[in-house]
Amino acid sequence: MREADGAVRRHDCSAGCRQAARAQRWFVCACAGFALLVCAGAQGHAGTFTNRELTEGFVRTVFGLEYRTWSWQPYLVKKYTGPVRFYVHNLSKANRLPMAHRFLLEIGNKIDGLQTTIARSAAQANFHVYIVDRPQYAETVQNHIYDDPSADAPGRCLVRVMSDKSGISRSAAVIVSDEGEFLFRRCLIEEVLQGLGPMNDDESLEHSVFNDSSRHARFTEFDRYILNMLYDSRIMPGMNAKAARDVLPAVIRDTRKRLR
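Per our numbering, residue 31 is the first one in the sequence shown, and the count goes up by one each step.
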């Protein structure tokens with residue numbers, strides 16, 4: 031997701047820049063906003079996406095961040111290599127747990143190669159989802175995401191990922207609950223999916239939530255393809271774009287068979 035910066039939209043990756051010398055790095059995506067209308071137009075179906083569209087969609091979402099950093103890490107594959115254990119911290123006045131849990135468990139059923147569970151306690155989790163009301167947003171980002179009370183809290187929702195060449199070790203997302211159902215659903219879907227690895231955002235991806243100008247508030251068929259390609263065993267954490275392109279034709283072929 032991207033942060034509005036006047037007329038320029040960018041990713042916030044300040045933590046990744048500050049920690050560029052470390053073996054593990056944090057990557058941050060923050061969203062400033064998007065059209066608050068649910069799109070009733072065509073979503074696209076698996077058979078309508080060409081190999082080129084799927085390849086370019088994969089490369090544009092999996093590699094890089096919108097805001098350039100001195101770190102080489104954003105330009106490598108980021109993914110979990112073991113079970114993703116979610117824990118939802120519902121700090122909002124509204125009880126969002128049932129909806130959030132349904133979506134988090136649904137992910138595991140829709141992405142081959144990814145195992146998801148709901149952790150019994152926060153200590154057992156490796157993916158934390160904080161659901162907050164707007165007045166709680168900045169404090170939650172500062173205290174639970176950055177552990178820095180003076181840190182900026184960019185965007186309308188945010189996800190932060192810790193990853194190295196062995197894969198993602200931890201993700202944390204902050205989702206705003208009290209600014210409308212569309213924003214809540216959109217943020218929940220996009221931030222959680224980005225926290226699984228495809229952290230970039232691109233305006234050309236009309237069938238994707240990884241595009242601030244799109245109006246999707248669901249796990250689209252296109253994004254399901256991208257995540258299933260990412261979690262194919264031939265796509266390895268730490269892989270660069272060239273190495274990924276070499277195996278993507280076979281990955282796409284087999285992903286089509288699985289999702290057919």
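We put the CB at the ideal spot given by N, CA and C, even for glycine.
Anticipated Cβ contact below 8 angstroms, residue i with residue j, distance rounded
i: L121; j: I161; result: 6 angstroms
i: L226; j: L257; result: 7 angstroms
i: V159; j: A130; result: 6 angstroms
i: G143; j: Y261; result: 4 angstroms
i: E209; j: R164; result: 6 angstroms
i: V191; j: S201; result: 5 angstroms
i: P267; j: K109; result: 5 angstroms
i: S238; j: T250; result: 6 angstroms
i: S199; j: N156; result: 7 angstroms
i: T85; j: R275; result: 7 angstroms
Reduced DSSP secondary structure (H/G/I, E/B, other) of residue i
i: N270; result: coil
i: R200; result: strand
i: V291; result: Residue 291 lies beyond the range of the chain shown here (31 to 290); nothing can be said about it.
i: L66; result: Residue placement at L66 is flagged as unreliable, the pLDDT there being 32, under the threshold of 50; the coordinate-derived value follows with that caveat. Three-state result, L66: coil.
i: V299; result: The question about residue 299 has no answer, for the chain in this structure spans 31 to 290.
i: R115; result: strand
i: V206; result: strand
i: V189; result: strand
i: I282; result: helix
i: D253; result: helix
i: T99; result: Since pLDDT at T99 reaches only 46, below the 50 mark, its modelled position is unreliable, and the value read off the structure follows with that caveat. DSSP places T99 in coil when its eight states are reduced to three.
i: I219; result: helix
i: I265; result: coil
Best match in the options for proximity to residue i [C-alpha to C-alpha]
i: L134; options: V114, K123, A152 and S151; result: V114
i: F79; options: L235, S263 and A273; result: L235
i: A152; options: P279, H119 and L289; result: H119
i: D182; options: A168, S193, I219 and V206; result: A168
i: V204; options: V89, S196, V239 and I219; result: I219
i: G185; options: M259, E211, V206 and L127; result: V206
i: N230; options: L106, I265 and P128; result: L106
i: D253; options: Q166, F157, D194 and I137; result: I137
i: P128; options: I141, D178 and I148; result: I148
i: Y117; options: R150, E233, S238 and K123; result: R150
i: R2; options: R90, S196 and K140; result: An answer regarding residue 2 cannot be provided, because it is not within the stretch 31 to 290 covered by the chain.
i: K287; options: Y255, A274 and N270; result: Y255
i: N270; options: L84, F93 and E83; result: F93
i: E221; options: A124, A274, K195 and R248; result: R248
i: R228; options: T91, N81, V277 and R82; result: The amino acid at residue 228 is misidentified as Arg; the sequence shows Pro. It is T91 whose Cα lies nearest to the Cα of P228.
i: S196; options: E211, E83 and G112; result: G112
i: A124; options: N81, E211, H174 and R132; result: E211
i: M259; options: V281, K272, N81 and D177; result: V281
i: T16; options: R126, I265 and E233; result: Since the first and last residues shown for the chain are 31 and 290, residue 16 lies out of range.
Kindly provide the ranges of any alpha helix (DSSP H) runs that are 4 or more residues long and lie completely inside the stretch 153-185, ordered along the chain.
164-170, all fully within the stretch 153-185.
What beta strand (DSSP E) runs, 3 residues minimum, are completely inside the stretch 116-148?
146-148
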